[in-house]
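J.: Protein chains in written order, with numbering that gives the first Met the number 0: chain H, 0 to 364; chain X, 0 to 323. We put the beta carbon where it would ideally sit given N, CA and C, even for glycine. These figures come from a predicted structure and were not determined experimentally.
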Amino acid sequence: MRTLPTWYTAFVIPIVQLIAALAISSLVVLMVGENPFKALGILVNGAVNLQYGLSSTLYYATNFIFTGLAVAVAFHGGLFNIGGEGQAYFAGIAVAAACVALDAVLPAPLMALVAIVAAIVGGAIWAFIPGWLQAKRGSHLVVTTIMFNFIAFSVVNLLLMSYFTDPKTLAVESRYFADDAILPMAHELFRSWGFKMPKSLLNTAFIVALITAALVWWLLWRTKLGYAIRAVGQNPRAADYAGIGRSRVIIITVLISGGLAGLMAFNEVYGAQHRMVLAFTNGFGFIGIAVALMGRNHPFGVVLAALVFGGLYQGGTDLQFDMPSLSRELILVIQGLVIYFTSATDQLLRSPLEKLYLRLAPKEA
Amino acid sequence: MDSATFILALMDSAVRMAVPLVFAAMAGICAERSGIVDIGLEGKMLAAAFAGAAMSAVSGSAVLGVMAAIGISIAFSMVHGFATITQRGDHVISGLAINFLASGLTVVLGAAWFKQGGQTPTLSGDQRFMSLDLPGAEWAAESLGVVGQFYDKVISGHNLLVYLSVVAVALVWWVLTRTTFGLRLRAVGESPHAVDTAGISVAATRYKALLLTGVLCGFAGAYLSLAQTAGFQREMSAGQGYIALAAVIFGKWRPWQTLGACYLFGILSALEARMQGVEIPLIGTLPTQIFAALPYVLTVILLAGFIGRAIAPKAIGQPYVKER
Numbered sequence: 000m001r002t003l004p005t006w007y008t009a010f011v012i013p014i015v016q017l018i019a020a021l022a023i024s025s026l027v028v029l030m031v032g033e034n035p036f037k038a039l040g041i042l043v044n045g046a047v048n049l050q051y052g053l054s055s056t057l058y059y060a061t062n063f064i065f066t067g068l069a070v071a072v073a074f075h076g077g078l079f080n081i082g083g084e085g086q087a088y089f090a091g092i093a094v095a096a097a098c099v100a101l102d103a104v105l106p107a108p109l110m111a112l113v114a115i116v117a118a119i120v121g122g123a124i125w126a127f128i129p130g131w132l133q134a135k136r137g138s139h140l141v142v143t144t145i146m147f148n149f150i151a152f153s154v155v156n157l158l159l160m161s162y163f164t165d166p167k168t169l170a171v172e173s174r175y176f177a178d179d180a181i182l183p184m185a186h187e188l189f190r191s192w193g194f195k196m197p198k199s200l201l202n203t204a205f206i207v208a209l210i211t212a213a214l215v216w217w218l219l220w221r222t223k224l225g226y227a228i229r230a231v232g233q234n235p236r237a238a239d240y241a242g243i244g245r246s247r248v249i250i251i252t253v254l255i256s257g258g259l260a261g262l263m264a265f266n267e268v269y270g271a272q273h274r275m276v277l278a279f280t281n282g283f284g285f286i287g288i289a290v291a292l293m294g295r296n297h298p299f300g301v302v303l304a305a306l307v308f309g310g311l312y313q314g315g316t317d318l319q320f321d322m323p324s325l326s327r328e329l330i331l332v333i334q335g336l337v338i339y340f341t342s343a344t345d346q347l348l349r350s351p352l353e354k355l356y357l358r359l360a361p362k363e364a
Numbered sequence: 000m001d002s003a004t005f006i007l008a009l010m011d012s013a014v015r016m017a018v019p020l021v022f023a024a025m026a027g028i029c030a031e032r033s034g035i036v037d038i039g040l041e042g043k044m045l046a047a048a049f050a051g052a053a054m055s056a057v058s059g060s061a062v063l064g065v066m067a068a069i070g071i072s073i074a075f076s077m078v079h080g081f082a083t084i085t086q087r088g089d090h091v092i093s094g095l096a097i098n099f100l101a102s103g104l105t106v107v108l109g110a111a112w113f114k115q116g117g118q119t120p121t122l123s124g125d126q127r128f129m130s131l132d133l134p135g136a137e138w139a140a141e142s143l144g145v146v147g148q149f150y151d152k153v154i155s156g157h158n159l160l161v162y163l164s165v166v167a168v169a170l171v172w173w174v175l176t177r178t179t180f181g182l183r184l185r186a187v188g189e190s191p192h193a194v195d196t197a198g199i200s201v202a203a204t205r206y207k208a209l210l211l212t213g214v215l216c217g218f219a220g221a222y223l224s225l226a227q228t229a230g231f232q233r234e235m236s237a238g239q240g241y242i243a244l245a246a247v248i249f250g251k252w253r254p255w256q257t258l259g260a261c262y263l264f265g266i267l268s269a270l271e272a273r274m275q276g277v278e279i280p281l282i283g284t285l286p287t288q289i290f291a292a293l294p295y296v297l298t299v300i301l302l303a304g305f306i307g308r309a310i311a312p313k314a315i316g317q318p319y320v321k322e323r
């Protein structure tokens with residue numbers, strides 16, 4: 000059996016699957032009476048133009064890198080964490096609590112570090128019970144994390160309303176954190192270096208996201224723990240025989256996954272909004288699933304897929320302005336189709352493409 | 000308001016709240032007992048709610064609306080079947096894809112067709128299901144005491160779909176436990192290899208189960224937009240598909256127990272609306288979020304095996320690969 004090259008299985012095939020998703024989305028565009036090619040042009044231009052598009056794309060991608068890595072790490076451990084949404088939301092309240100308590104005393108770099116720790120700890124706390132139940136009582140993580148997403152919404156909204164909201168205002172949100180405790184945003188940094196850069200929500204969390212992706216790669220393929228996680232994921236029985244404490248590894252995997260999802264709150268609450276707003280997670284936790292699947296659960300793939308989805312999000316905003324009859328929810332359709340073609344029916348396109356390659360590629364002697 | 004009136008009013012609204020859960024939970028039972036995990040209940044309900052309201056708004060007939068709702072729900076169910084049965088893909092992932100598709104399509108098409116930002120026009124008259132008064136309700140309320148009051152306030156005065164939801168439970172129970180098809184359906188969920196050995200197609204049985212799921216989810220969605228409210232609003236299923244899934248687990252995959260769970264969750268959501276700012280002796284006012292979170296908390300406790308044990312069908316979520 001000949002093996003196919005990585006560039007083909009990891010890049011060409013996902014791209015064909017993405018094109019299939021876009022092709023079917025074009026039918027929806029046709030149904031509302033617009034030109035799909037024009038729509039695609041607006042989408043791409045909106046995502047990569049240098050006036051405001053690219054930096055917003057990177058800002059969205061930051062969220063998706065974190066939530067995508069969260070799903071990917073869990074997948075390597077044979078677990079499916081759909082709780083990123085709740086974990087990030089709970090992490091948000093942890094970040095807000097840390098910032099509101101300490102922003103008067105800590106300088107920006109220290110505050111940022113504390114916010115990162117708060118985000119990781121908050122996300123991990125919310126993931127702990129589902130992880131523990133999976134490891135010790137065999138309760139299916141998929142179902143418990145779905146339930147915990149909803150519980151997070153009730154709990155966090157209650158906390159936000161009771162302890163963070165100014166009773167004089169109607170908006171359910173925390174106060175703004177002190178300016179001195181916030182690291183400069185990307186456009187402020189670039190302007191201080193003399194470059195022209197339009198205002199956007201892009202901030203230092205993007206760098207943190209890239210570093211985190213590298214760390215996750217290192218964890219999974221260069222450490223003992225990573226080996227244990229992958230062993231439990233690929234063959235739990237073999238892991239048992241190898242003396243790997245399965246339930247401990249499951250709990251640790253879920254905690255890491257929750258912490259990664261929690262980091263999204265560092266980008267949104269600390270980095271971009273400088274306050275905690277109601278429902279800031281906005282479904283981004285779920286997009287992490289699509290990102291991880293498209294990125295084949297590899298940290299590098301997750302970063303690339305997060306950029307694609309970041310672009311879709313930013314481009315989708317432009318689409319709504321330029322084609323009023325097309326609402327931005329089109330990106331949800333594209334997202335659904337991407338998930339469907341890249342993983343639910345992966346083999347549908349993958350096996351014919353693999354056969355095609357084997358037929359066309361020159362035979363090795 | 001005295002406590003009897005309060006309790007009757009609470010039960011009345013609990014019944015109304017539970018209806019979409021009942022239909023969706025029965026849909027979930029059909030899928031899950033056959034071995035298919037279906038977290039796409041939410042998406043199918045949403046799509047059905049939209050199709051129902053759109054068809055009813057255009058045609059002026061609520062019955063045509065229900066048929067459109069069922070049609071679209073079956074279509075989505077088959078998309079799920081293609082991924083999970085034919086392509087042997089991951090059930091959870093396919094369900095998620097369906098939920099995203101439904102959230103997106105309903106708003107994109109709704110905004111383009113009706114130009115109301117994703118809503119459908121408000122429905123009235125024959126375009127929706129109105130409440131029916133059962134015979135003798137008024138007489139019973141006056142002359143039969145509490146029983147009569149219960150009949151008048153809680154049992155009578157609902158629309159057709161409310162009564163159909165109970166019929167649906169009975170039908171699902173009957174099909175699952177009293178017919179050959181039901182036996183086969185449960186068997187492919189527990190031990191597909193054995194069913195295959197007996198010469199029955201695992202794939203065909205699962206597709207048929209998903210057909211039932213589609214029909215039932217269609218009713219759930221139609222109830223949302225054609226009976227409970229007068230038209231479609233974006234994201235109007237609001238997580239009820241997931242609560243239905245919780246009810247299935249809570250009812251241990253059995254129709255009547257699941258109906259009980261749906262009514263329990265219905266009472267909780269009725270309380271959520273009614274307990275706002277209500278002073279309870281010794282406790283004070285409870286935050287309404289508690290009632291919203293309780294169905295999920297209870298389900299997690301049940302899943303953890305602390306109150307009874309919820310045992311899922313054995314072959315659930317596993318693609319069936321024929322041995323060669």
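My output table needs one value for residue 130 (chain X): the three-state DSSP class, helix, strand or coil.
T.: Strand.
J.: Determine the direct distance from the alpha carbon of residue 152 (chain X) to that of residue 16 (chain X), and round the result to whole angstroms.
T.: Distance between the alpha carbons of residue 16 (chain X) and residue 152 (chain X) is about 15 Å.
J.: Please report how far the alpha carbon of residue 364 (chain H) lies from the alpha carbon of residue 302 (chain X), in whole angstroms.
T.: Reliability fails at residue 364 (chain H), whose pLDDT of 44 lies under 50, so the model's placement of it is uncertain and no value is given.
J.: Ends of the alpha helix (DSSP H) at residue 53 (chain H)?
T.: Run containing residue 53 (chain H): 52 to 75, per the alpha helix (DSSP H) assignment.
J.: Assign residue 276 (chain H) to one of three DSSP states: helix, strand, or coil.
T.: Residue state, collapsed to three classes: strand.
J.: Excluding the 5 residues preceding and the 5 following residue 294 (chain H) in the sequence, name in chain order all residues of the same chain whose CB lies nearer than 8 Å to its CB.
T.: Same-chain partners within the cutoff: 67, 71, 300, 301, 302, 303, 304 and 305.
J.: Is there at least one Cβ from chain X nearer than 8 Å to residue 346 (chain H)'s Cβ?
T.: Taking Cβ atoms only, chain X reaches closer than 8 Å to residue 346 (chain H), which makes this a yes.
J.: Exposed or buried, which one is residue 5 (chain H) when buried takes at least 16 other CB atoms within 10 Å?
T.: The residue in question, residue 5 (chain H), is exposed, as its Cβ has fewer than 16 Cβ neighbours within 10 Å.
J.: So, helix, strand or coil for residue 150 (chain H), using DSSP?
T.: It is helical.
J.: Let's test the definition: count the other Cβ atoms within 10 Å of the Cβ of residue 97 (chain X) and tell me whether it reaches 16, buried, or not, exposed.
T.: So residue 97 (chain X) ends up on the buried side.
J.: Quick one: which chain X residues come within Cβ less than 7 Å of residue 59 (chain H)?
T.: Result: empty, since nearest Cβ-Cβ is about 16 Å, beyond 7 Å.
J.: From the DSSP output, which residues share a beta bridge with residue 158 (chain X)?
T.: According to DSSP, which records beta bridges pairwise, residue 158 (chain X) is partnered with X:130.
J.: Give me the chain X residues within the contact set of residue 173 (chain H), using Cβ-Cβ distance strictly less than 7 Å, ordered along the chain.
T.: The premise fails here: residue 173 (chain H) is roughly 17 Å from chain X at the closest Cβ pair, so nothing lies under 7 Å.
J.: Is it true that the stretch 131 to 148 of chain H meets the stretch 110 to 120 of chain H, where meeting means three or more beta-carbon pairs spaced less than 8 Å apart?
T.: Short answer: they don't touch.
J.: Taking residue 242 (chain X) as the reference, give the member of X:5, X:25, X:8 and X:3 with the closest Cα.
T.: If we check each option's Cα against that of residue 242 (chain X), X:25 comes out closest.
J.: Expressed to the nearest angstrom, what Euclidean distance is found between the alpha-carbon atoms of residue 319 (chain H) and residue 286 (chain H)?
T.: Each residue's alpha carbon lies about 20 Å from the other.
J.: So is residue 298 (chain H) buried or exposed if we call it buried at 16+ other beta carbons inside 10 Å?
T.: The residue is buried, with at least 16 neighbouring Cβ atoms inside 10 Å.
J.: Taking 6 Å as the limit between beta carbons, can you name the residues of its chain near residue 334 (chain H), skipping five residues before and five after?
T.: Around residue 334 (chain H): 289.
J.: Apart from the five residues on each side of it in sequence, which residues of its chain come closer than 8 Å, Cβ to Cβ, to residue 118 (chain X)?
T.: Cβ neighbours of residue 118 (chain X) beyond the five flanking positions: 109, 230, 231, 232 and 233.
J.: Given this structure, state the Cα-to-Cα distance separating residue 264 (chain X) from residue 51 (chain H), to the nearest angstrom.
T.: Straight-line Cα distance between these residues: approximately 47 Å.
J.: For residue 110 (chain X), would you say it is in contact with chain H, using Cβ-to-Cβ distances shorter than 8 Å as the test?
T.: At least one chain H Cβ lies under 8 Å of residue 110 (chain X).
J.: Express the C-alpha separation of residue 62 (chain X) and residue 139 (chain H) in angstroms, rounding to a whole number.
T.: About 39 Å.
J.: Since residue 206 (chain X) and residue 80 (chain X) are thought to touch, with beta carbons under 8 Å apart, how far apart are those beta carbons, to the nearest angstrom?
T.: Between residue 80 (chain X) and residue 206 (chain X) the Cβ distance is about 5 Å, and since that is below 8 Å, they are a contact.
J.: Exposed or buried, which one is residue 89 (chain X) when buried takes at least 16 other CB atoms within 10 Å?
T.: By the 10 Å Cβ count, residue 89 (chain X) comes out buried.
J.: Using CA atoms only, rank isn't needed, just tell me which of H:244, H:174 and H:200 is closest to residue 165 (chain H).
T.: Checked all of H:244, H:174 and H:200; the closest Cα to residue 165 (chain H) is H:174.
J.: Beta-carbon within less than 8 Å of residue 133 (chain X)'s beta-carbon, same chain only, minus the 5 sequence neighbours each way: which residues are those?
T.: Same-chain partners within the cutoff: 150, 154, 155 and 156.
J.: I need the DSSP call for residue 287 (chain X), collapsed to helix, strand or coil.
T.: Coil.
J.: Using only the alpha-carbon positions, how far apart do residue 178 (chain H) and residue 94 (chain H) sit?
T.: Whole-angstrom Cα-Cα distance: 16 Å.
J.: Quick one: give me the first and last residue of the alpha helix (DSSP H) that residue 175 (chain H) is part of.
T.: From DSSP, residue 175 (chain H) is part of no alpha helix (DSSP H); its letter is neither H nor E.
J.: Nearest to residue 201 (chain X) by alpha carbon, out of X:180, X:218, X:124 and X:148?
T.: Ranking the options by Cα distance to residue 201 (chain X), first place goes to X:180.
J.: Report the three-state DSSP secondary structure of residue 278 (chain X) (helix, strand or coil).
T.: Note: residue 278 (chain X) maps to strand in three-state DSSP.
J.: Assuming the contact rule is C-beta atoms closer than 8 Å, residue 28 (chain H) and residue 325 (chain H) should be a hit. Round their C-beta distance to whole Å, please.
T.: The pair is a contact, with the Cβ atoms about 7 Å apart (cut-off 8 Å).
J.: Is it the case that the CB of residue 226 (chain H) approaches a heavy atom of the ligand ADP more closely than 7 Å?
T.: By its list of ligands, the structure shown contains no ligand whatsoever, and the ligand ADP lies outside what it can speak to.
J.: Return the residues of the stretch 76 to 92 of chain X that lie within a Cβ-Cβ distance of less than 9 Å from chain H, sorted by chain order.
T.: Within the stretch 76 to 92 of chain X, the residues whose Cβ lies closer than 9 Å to some Cβ of chain H are 78, 79, 81, 82, 83, 85, 86, 87, 88, 89, 90, 91 and 92, listed in chain order.
J.: When the Cα atoms are used, what is the spatial distance from residue 190 (chain H) to residue 221 (chain H)?
T.: Using only the alpha carbons, I get a separation of about 39 Å.
J.: Tell me which residues share the same chain as residue 141 (chain H) and place their Cβ nearer than 7 Å to its Cβ, disregarding the 5 neighbours each side in the sequence.
T.: Correct list, in chain order: 79 and 81.
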